[in-house]
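The structure appears below as structure tokens.
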Amino acid sequence: MPLVDSHCHIQDAKFDEDREEMIARSLEILDWMVVIGDDLPTSQQAVALTGDRIYASVGVHPYYADTLDAELLDALRFLAQSEHVVALGEMGLDYFKHCDIPKDIQENAFRAQLDLACEMNLPVVIHNRESTKDLCTIIDDYADNLCGGVLHCFAGSPEFVKHCLSWGFHVSFAGNVTFPKAEELRIAAREVPLDRLLVETDAPYLAPQAVRGKRCEPHHTKHTAEFLADMYGISYEELAQATADNAARLYRVNQD
Ligand SMILES: [Zn+2]
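The number in the numbering used here is simply the position in the sequence shown, starting from 1, with 91 added.
Rendered as structure tokens:
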């Protein structure tokens, strides 16, 4: 089945009790998945989980931006050379009230990782929460030198979608696009052309409406894909194939 979860966190402790069974369940439905790191330990865990049909992205989330020093950057550089690492991130900005990392520290950590992505010729996985203006200013500086990226768990306006497309980036939707109150997000989603669209779970978070309230698992990507296919007026198979092809192109994964 051509379906890819482009972004999940299955190294999370919420999966400690049944990780192997959960992965087996997920890979019955998915072609492959990308496990995303948030800091050094979760990036190392993501790489440790890679193997058959499991890839990793390594990076430092804005929540942990204050941990990024020269030594950690070297550790990321080293990790990123592992065979199954396909991207850097998640990285970005988070200005939501629960994030108490000062903006300048977030920006420094973000720019350091964008520099590393340019140096290593790896695509980037971008986190953005209530920080679109500053995020655009920063990525504008790098877009010409980056080999692609994705706005993960997209939240924003149709204008922001257009800005992401202008960088050559992909736009990825998680289960929250299926929530009844997410009409504004769906208006933005309609602006994403099928050849730039990705689907993800962000598991264990953001279970789609069909399984809302449950622990989210990578195979729940299917619910989001079915929902978006319906919204775009295309078949599930067409959407699953297109988003899998896009993920393969962005992350340079060849499953053949
Ligand atoms: Zn994430």
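Glycine residues also receive a C-beta, built at the ideal position from the N, C-alpha and C atoms.
Source: prediction; values computed, not measured.
Under the rule that a run must span 3 or more residues, the beta strand (DSSP E) segments found entirely inside the segment 254 to 285 read 261 to 264. Runs of beta strand (DSSP E) with 3 or more residues, each lying fully within the segment 118 to 162, are found at 123 to 127, 145 to 149, listed in chain order. By the criterion of a C-beta distance shorter than 6 Å, E221 is surrounded in its chain by Y186, F187, once the five residues flanking it on both sides are discounted. Going by DSSP, L213 is part of no alpha helix (DSSP H) at all; its letter is neither H nor E. In the DSSP assignment, G183 is bridged to H218. Contact between H261 and E181 fails: their C-beta atoms lie close to 14 Å from each other, not under 8 Å.
In the structure shown, H314 adopts helical secondary structure according to DSSP, grouped into three states. Under the three-state reduction of DSSP, L205 is assigned to helix.
Here A298 carries a coil assignment [DSSP, helix/strand/coil]. Taking L159 as the centre and dropping the five residues before and after it, the same chain places the C-beta of V151, A200, A203 closer than 7 Å to its C-beta, in chain order.
DSSP places D191 in the coil class of the three-state scheme, outside both helix and strand. Scanning its chain for C-beta atoms nearer than 6 Å, with the 5 sequence neighbours on each side dropped, one finds around F251 the residues T223, in chain order. Contact annotation, A280 with V290: C-beta distance approximately 11 Å; criterion of less than 8 Å not satisfied.
Around V283, the same chain offers V252, V262 as residues with beta carbons nearer than 7 Å, after the five sequence neighbours per side are excluded. With at least 16 other beta carbons inside 10 angstroms of its own, I114 counts as buried. Per DSSP, L242 is not a residue of any alpha helix (DSSP H); the beta strand (DSSP E) it occupies stretches across 240 to 242.
The C-beta of D109 has fewer than 16 other C-beta atoms within 10 Å across all chains shown, which makes the residue exposed. Distance from T292 to D103 at the Cβ level is roughly 12 Å; contact not present, criterion being Cβ atoms closer than 8 Å.
At a threshold of 8 Å, D231 does not count as near ligand 1, since its beta carbon sits no closer than that to any of the ligand's heavy atoms. Between the C-alpha atoms of L167 and L131 there is a straight-line separation of about 7 Å. Within the model, the alpha-carbon separation for V177 versus Y323 is close to 29 Å.
For L330, the enclosing alpha helix (DSSP H) begins and ends at 327 to 342. If you draw a 10 Å sphere on the C-beta of A333, you find 16 or more other C-beta atoms in it, and that means buried. Counting every other CB atom within 10 Å of its CB across the protein chains shown gives F245 a total of 16 or more, marking it as buried. Residue burial is scored here from C-beta neighbours: N337 has at least 16 other C-beta atoms within 10 angstroms and is therefore classed as buried.
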